[in-house]
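Residue numbers (my numbering): 2 to 433.
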């Protein structure tokens, strides 16, 4: 099937390569020249298991990365997959690129196309797209062109696996539009497809997924602060509360939430009812996001107090990506923590993904790629992200021997409780 994927980021590129591997002829379009030139040179912009082999096997055979579309290419396209990011933290320009793409489609002709949106959007956006295209072209929706919302639900690091296995939610205006998309989906995977009555419902479902998770994580962070204030070990409490009790699945606390989905989706969902009159000004998920936003500052204040109390200054932060074993620092709470502490102390960072991905940006903070070297003489170590590398007790004990003594160990995730009470170690764990 002749397919165009617009936007070759963490959603678009894995999908484009997998689709191409399954036999579709895929043009991957992105305005980022460096990205496209890299792909043409068989260089990936980020780490995703199995993606390198897909690029090697499909490039210039069934996958064609481009920065420009010609009319001849466009005329052959049947399915258009839109995956460009929309950033609500970018003020009034958040939707500029999105609407530029829609305008461009109108200019080169949407007749006969099925346009599928996998971009996370506020509820009702596809309705506006439909009205815009009709007003610009005079064509009839679901007769001359088709619009569908098929939300992405993948997790970085296992994107290819999840593209093959996760159930699909498809919101279409018509049976014909749904059949066009489901036929395409089945060229890639036989995972179950659930049709909902319209794109608006599918948009809503996408926002439900991450708003629910963000709210759960915020609850855990708040109860961790409560536990700390009353002298309770939050990890012990949660383990016992969840143990053999089917109605509990309380998550462990964290440094906050980050990344490109959990951070923005609750705010998009908040836009769903701005005019509803009620006593509570905002939604529960809005307040939950605010709780998570405050976590890096809360933890920074605790660490600052300890550093000042012991007159220590040299800080090493282990892990700077937004979550464990992911090569992405976008909206990372660990990065927020590093920036906050670097205003007062001598801060260095180490992360195994630094220098290995276009999605890892440390914003000028001192960084090292050799952990054995950077840890020498440090007075405080903060385990901010629980990368696999930091879970090896024997290796971590060897590294800690190289610290200046006494040394502060900040264990946000409760992964090194065996350090508590050790000689010359000042141990602080969030919620411990």
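Beta carbons: idealized from backbone N, C-alpha and C, even for Gly.
Using 8 Å for Cβ pairs, my map puts residue i next to residue j. What's the rounded Cβ distance?
{"i": "residue 63", "j": "residue 24", "result": "7 Å"}
{"i": "residue 225", "j": "residue 320", "result": "Incorrect: roughly 18 Å between the Cβ atoms, too far for contact."}
{"i": "residue 380", "j": "residue 408", "result": "6 Å"}
{"i": "residue 391", "j": "residue 413", "result": "Between residue 413 and residue 391 the Cβ distance is about 11 Å, and since that is not below 8 Å, they are no contact."}
{"i": "residue 22", "j": "residue 70", "result": "Wrong, their Cβ atoms sit about 22 Å apart, outside the cutoff."}
{"i": "residue 434", "j": "residue 87", "result": "Nothing about residue 434 can be reported from this structure: the residues present for the chain run from 2 to 433 only."}
{"i": "residue 78", "j": "residue 3", "result": "5 Å"}
{"i": "residue 252", "j": "residue 218", "result": "6 Å"}
{"i": "residue 293", "j": "residue 230", "result": "Not a contact, Cβ separation roughly 18 Å."}
Residue i by DSSP, collapsed to three states: which one?
{"i": "residue 369", "result": "strand"}
{"i": "residue 264", "result": "coil"}
{"i": "residue 202", "result": "helix"}
{"i": "residue 66", "result": "strand"}
{"i": "residue 412", "result": "strand"}
{"i": "residue 182", "result": "helix"}
{"i": "residue 59", "result": "helix"}
{"i": "residue 216", "result": "helix"}
{"i": "residue 269", "result": "helix"}
{"i": "residue 124", "result": "coil"}
{"i": "residue 434", "result": "A question about residue 434 goes unanswered here, because the residues of the chain that appear run from 2 up to 433."}
{"i": "residue 35", "result": "helix"}
{"i": "residue 317", "result": "strand"}
{"i": "residue 166", "result": "helix"}
{"i": "residue 228", "result": "helix"}
{"i": "residue 322", "result": "coil"}
{"i": "residue 298", "result": "helix"}
{"i": "residue 5", "result": "strand"}
{"i": "residue 112", "result": "coil"}
{"i": "residue 29", "result": "strand"}
{"i": "residue 155", "result": "coil"}
Give me the residue from the options with the minimum Cα distance to residue i.
{"i": "residue 285", "options": "216, 121, 115", "result": "216"}
{"i": "residue 162", "options": "50, 30, 269", "result": "50"}
{"i": "residue 29", "options": "54, 209, 59", "result": "59"}
{"i": "residue 209", "options": "341, 269, 179", "result": "269"}
{"i": "residue 214", "options": "233, 250, 236", "result": "250"}
{"i": "residue 202", "options": "189, 152, 291", "result": "152"}
{"i": "residue 36", "options": "11, 26, 223", "result": "11"}
{"i": "residue 410", "options": "246, 165, 382, 47", "result": "382"}
{"i": "residue 367", "options": "110, 352, 359", "result": "352"}
{"i": "residue 389", "options": "297, 139, 322, 235", "result": "322"}
{"i": "residue 108", "options": "97, 98, 134", "result": "134"}
{"i": "residue 1", "options": "192, 119, 342, 424", "result": "Given that the chain is displayed from residue 2 to residue 433, the structure contains no residue 1 and the question cannot be resolved."}
{"i": "residue 314", "options": "147, 359, 272, 406", "result": "406"}
{"i": "residue 124", "options": "48, 180, 206", "result": "206"}
{"i": "residue 310", "options": "237, 96, 427, 292", "result": "427"}
{"i": "residue 273", "options": "330, 399, 178, 212", "result": "212"}
{"i": "residue 72", "options": "232, 184, 5", "result": "5"}
{"i": "residue 118", "options": "47, 204, 110", "result": "204"}
{"i": "residue 143", "options": "154, 179, 160", "result": "179"}
Determine the direct distance from the alpha carbon of residue j to that of residue i, and round the result to whole angstroms.
{"i": "residue 145", "j": "residue 131", "result": "12 Å"}
{"i": "residue 299", "j": "residue 61", "result": "51 Å"}
{"i": "residue 326", "j": "residue 112", "result": "43 Å"}
{"i": "residue 334", "j": "residue 80", "result": "37 Å"}
{"i": "residue 68", "j": "residue 7", "result": "10 Å"}
{"i": "residue 288", "j": "residue 282", "result": "10 Å"}
{"i": "residue 354", "j": "residue 362", "result": "10 Å"}
{"i": "residue 200", "j": "residue 149", "result": "6 Å"}
{"i": "residue 417", "j": "residue 394", "result": "8 Å"}
{"i": "residue 264", "j": "residue 332", "result": "8 Å"}
{"i": "residue 336", "j": "residue 373", "result": "21 Å"}
{"i": "residue 350", "j": "residue 261", "result": "22 Å"}
{"i": "residue 176", "j": "residue 170", "result": "15 Å"}
{"i": "residue 357", "j": "residue 259", "result": "20 Å"}
{"i": "residue 254", "j": "residue 328", "result": "21 Å"}
{"i": "residue 27", "j": "residue 147", "result": "19 Å"}
{"i": "residue 85", "j": "residue 137", "result": "22 Å"}
{"i": "residue 423", "j": "residue 398", "result": "11 Å"}
{"i": "residue 41", "j": "residue 344", "result": "41 Å"}
Taking the beta carbon of residue i as the centre, do at least 16 other beta carbons fall within 10 Å, making it buried, or is it exposed?
{"i": "residue 419", "result": "exposed"}
{"i": "residue 31", "result": "buried"}
{"i": "residue 306", "result": "exposed"}
{"i": "residue 157", "result": "buried"}
{"i": "residue 173", "result": "buried"}
{"i": "residue 324", "result": "buried"}
{"i": "residue 166", "result": "exposed"}
{"i": "residue 168", "result": "exposed"}
{"i": "residue 101", "result": "exposed"}
{"i": "residue 365", "result": "exposed"}
{"i": "residue 246", "result": "exposed"}
{"i": "residue 193", "result": "exposed"}
{"i": "residue 290", "result": "buried"}
Quick one: does the C-beta of residue i sit closer than 7 Å to a heavy atom of the ligand ADP?
{"i": "residue 396", "result": "Of the ligands one can find in the structure shown there are none, so the ligand ADP has no counterpart to examine."}
Would you please verify whether the beta carbon of residue i is less than 8 Å from any beta carbon of chain B?
{"i": "residue 380", "result": "Judged by its chain identifiers, the structure shown contains no chain B, having just a single protein chain."}
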